[in-house]
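**Q**
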Amino acid sequence: MENSNLDKKNYIHTYLSYMLKNKFTVAYDDYQFFSTKKLPLNHHPYFFKEAPNKMEFSTIEYLHKGKKRIADFQQLMENSGTTALLIIKNDTIVYESYFNGHKRETPQKLFSITKSFISALVGIAIDTGYIKSVDDFVSSYVPELQLRNTTIKQLLQMDAGIKFKEGHFPWRDEAKVYLHPNGRKLALSAVEDTNDKFFHYNDYHLLILGLILERTTGKSVTDFFYEKIWSQLGMEFPGLMILDSEKHLFEKIESGLVMTAIDLAKFGRLFLKNGEWEGKQIISQDWIKESVSPNNVPSTGDHFRYYQKHPWGKMWFNRNKAYYKYLWWGHLNNKTNNDYFALGALGQVLYVSPENNTIAIRLGSKWGVMDWWPTILYKLINSST
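If you're matching positions, the sequence shown starts at 1 in UniProt numbering and goes up one per residue.
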């Protein structure tokens, strides 16, 4: 009981310190508030080619309250809080600009784009035999959990039926996951919600995946990530992984990666290349295909009914073209082609278009526009074809 009370006091202290520092909002540069672990740069970095004549945009079309608007491109990027915008086609940078005081070397917190990296780590753990299958029950790896019939696949698809209350008040799960100084203990507190067996974006899924990765590999998630992904991709600049606290050293699995936009693009390239990097298979082709394809995943509005009343949910889920697969978002462009993307708070987006062999990235300090950033990136990509 003493340890429980101490954890509670530490959480409340962390919560109040964070909220007062950031004026009760989530800040794009809040990684400076947390404990972190360094991810070193690669002394033999990979460089994308540079197009001799890069794309230029004078205006941009977007939606505001359902109505089309056209704005000056540069002005909208600045006013929307955009910090980085990249488009890379055929391994060549065709557009790269930074705004609001940012530069190529400026690192930024990726928020939930981190989740897609964790998905890749799960795939690698399966490829290398640490985990048997996505169909394994979570209880096989974390028997202390109360989730008896939950599979790893359900964790990856965010439909495990775990109770989760959104909100920034200290008693809400969303705030606890973000600020609790003992992520492992918090993960073990997850309980089933029998009325919630549909898609529910819920960060307990990630905490549990973190426990599974730790226990199966015998390594911290950061060390496994560095070994299997970060050190393989020729990162030009150093990065960070945010931790829950100096005492417990558990990664913020759901949102903790900090890196530059240009190095983030290399992760997109890894997926465009079906898991291969410069002749070496980093992730199996089977995992790449399975984790981002629309096959065998619900895509109807009913599966996403929790979000149908949200403004972005109406825009995204009600067209029966959207899906969520293994911590990636996807969109059916037509009967044969789909794009997919990693999405984080405040409009962080890594967009991958296999049809166009293109990667697009938008990072920012706020969402900034009423439109859906993936849709804007889709339009920009297709204007370059």
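Note that beta-carbon positions come from the ideal geometry of N, C-alpha and C, so glycine has one too.
Quick one: Cα of D244 to Cα of F33, how far?
**A** Approximately 11 Å, taken between the alpha carbons.
**Q** If you drop the 5 nearest sequence neighbours on each side, which residues of the same chain put their C-beta closer than 8 Å to that of M1?
**A** Model confidence at M1 stands at a pLDDT of 32, short of 50, so the residue's coordinates are unreliable; what they give is reported in the following sentence. Within the same chain, M1 has no close Cβ partners at all.
**Q** Just tell me which of K379, I12, V369, K219 has its CA closest to the CA of G66.
**A** For G66, the nearest C-alpha among the options comes from V369.
**Q** In its own chain, which residues sit with a C-beta less than 7 Å from the C-beta of Q281, not counting the 5 before and 5 after it?
**A** Only G275 meet the Cβ criterion.
**Q** Where are the beta strand (DSSP E) runs, 3 residues long or more, that stay fully inside the region 268-340, in chain order?
**A** If we require 3 residues or more, the beta strand (DSSP E) runs fully inside the region 268-340 come out as 322-325, 328-332.
**Q** Taking 8 Å as the threshold (C-beta atoms), are T114 and G256 in contact?
**A** Closer than 8 Å, so yes.
**Q** Between G347, P181, G183, which lies nearest to I376 when the distance is taken from Cα to Cα?
**A** Looking at the Cα atoms, G347 is the closest of the given residues.
**Q** Does the beta-carbon of I12 have 16 or more other beta-carbons within 10 angstroms, so that it is buried, or is it exposed?
**A** When all chains shown are included, I12 counts as exposed.
**Q** Give the DSSP-derived three-state secondary structure of V94 in the structure shown.
**A** Here V94 sits in strand by DSSP.
**Q** Alpha carbon to alpha carbon, how far is N3 from L147?
**A** Per-residue confidence for N3 stands at a pLDDT of 49, beneath the threshold of 50, marking its modelled position as unreliable; the derived number appears in the next sentence. Computed Cα separation, rounded: 24 Å.
**Q** Check M1 in the structure and name its three-state DSSP category.
**A** Here the model assigns M1 a pLDDT of 32, short of 50, so the residue's position is not dependable, and the following value carries that caveat. The answer is coil: DSSP assigns M1 none of H, G, I, E or B.
**Q** Give me, in chain order, the residues of the same chain whose beta-carbon lies closer than 6 Å to that of M77; leave out the 5 immediate sequence neighbours on both sides.
**A** Once the five neighbours on either side are set aside, the close Cβ partners of M77 are F99.
**Q** Given a cut-off of 8 Å on the beta-carbon distance, is the pair L86 and E96 in contact?
**A** Closer than 8 Å, so yes.
**Q** Is it a yes or a no for the region 117-126 touching the region 157-174, going by three-plus beta-carbon pairs under 8 Å?
**A** Contact between the region 117-126 and the region 157-174 is absent, because fewer than three Cβ pairs lie under 8 Å.
**Q** Measuring straight from C-alpha to C-alpha, what distance separates V122 and L209?
**A** Approximately 8 Å between the Cα atoms of the pair.
**Q** Compute the distance between the beta-carbons of T216 and M241, then report whether it is under 8 Å.
**A** It is not a contact, given that the beta carbons lie outside the stated cut-off.
**Q** Taking the C-alpha atoms as reference points, what is the distance between A27 and K266?
**A** C-alpha separation (whole angstroms): 25 Å.
**Q** In this structure, how does DSSP classify F73 when only helix, strand and coil are distinguished?
**A** Residue state, collapsed to three classes: helix.
**Q** Any idea which residues DSSP pairs Y62 with across the strands?
**A** The partner list for Y62 (beta bridge, DSSP) reads R69.
**Q** Identify which residue in E254, W328, V292, A160 has its Cα closest to the Cα of V177.
**A** Nearest option by C-alpha distance: E254.
**Q** Locate the alpha helix (DSSP H) running through K185, then write down its first and last residues.
**A** Residues 183-187.
**Q** Keeping to the same chain, check which residues put their C-beta closer than 6 Å to that of T260; ignore five residues upstream and five downstream.
**A** P107, F237, listed in sequence order.
**Q** Mark G183 as exposed unless 16 or more other C-beta atoms lie within 10 angstroms of its C-beta, in which case mark it buried.
**A** That one is buried.
**Q** Taking Cβ positions, are N382 and S231 nearer each other than 8 Å?
**A** No, Cβ-Cβ distance for N382 and S231 is not below 8 Å.
**Q** Once DSSP output is grouped into helix, strand and coil, what is the label at M27?
**A** The sequence shown places Ala at residue 27, not Met. In this structure, A27 counts as coil in the three-state DSSP scheme.
**Q** Report, in whole angstroms, the separation of the C-beta atoms of L350 and L156, which I expect to be a contact under 8 Å.
**A** Not quite, the Cβ-Cβ distance comes to about 17 Å (not below 8 Å), so this is no contact.
**Q** Out of H310, P294, S291, Y323, which one is the CA nearest neighbour of H303?
**A** For the residues H310, P294, S291, Y323, the minimum Cα distance to H303 belongs to Y323.
**Q** Among all the DSSP beta bridges, which residues are the ones paired with M361?
**A** According to the sequence shown, residue 361 is Ile rather than Met. Note: I361 sits in a beta bridge opposite L86, L350.
**Q** How is the alpha helix (DSSP H) around I242 delimited, first residue to last?
**A** Per DSSP, I242 belongs to no alpha helix (DSSP H); it is in the beta strand (DSSP E), 239-242.
**Q** Would you grab the beta carbon distance between S353 and K325 for me? Rounded to a whole angstrom, and I think it's under 8 Å.
**A** Their Cβ separation, rounded to whole angstroms, is 16 Å, which puts S353 and K325 out of contact at 8 Å.
**Q** Can you grab the Cα-Cα spacing for the pair D339 / K289, in whole Å?
**A** Approximately 12 Å between the Cα atoms of the pair.
**Q** Based on DSSP bridge pairs, tell me the residues matched to T36.
**A** Looking at the DSSP assignment, T36 forms a beta bridge with I242.
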